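What follows is a short report on a single structure.
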Amino acid sequence: MIKRWNVAEIENQLQHMYWSCSDPKMDGFTTWTCKQDLYRVKFLVDELLKKCPEYSVEAEWLRELEAEKIVKILKS
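In my numbering, the protein residues as written are 3 to 78.
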């Protein structure tokens, strides 16, 4: 398999969607379409993850990510 995507670039594009959605200088019509795009991506990712196989290390990896998320929340 050749990996033809770049996670950093995808994350960057999602951040741009968020910034556009949260821009106080933009009107609600424009920002709402940006939020709709974020929802479309979320729903697609959720759907695709349901179809993926489960891996033996997956649960532990997800717990580690969740722990990192909790630490960030507690630090802020």
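Glycine included, C-beta positions come from ideal geometry on N, C-alpha and C.
Model, not experiment: these values are computed from the prediction.
Going by DSSP, Tyr57 is part of no alpha helix (DSSP H) at all; its letter is neither H nor E.
The beta carbon of Asn14 is closer than 7 angstroms to none in its chain, skipping five residues each way along the sequence. A Cβ-Cβ distance of about 10 angstroms is found for the pair Val47 and Leu16, leaving them out of contact under the 8 angstroms criterion.
Apart from sequence neighbours up to five positions away, no residue of its chain approaches Lys77 with a beta-carbon distance below 8 angstroms. Looking at the backbone, the Cα of Gln38 and that of Thr32 are separated by about 10 angstroms.
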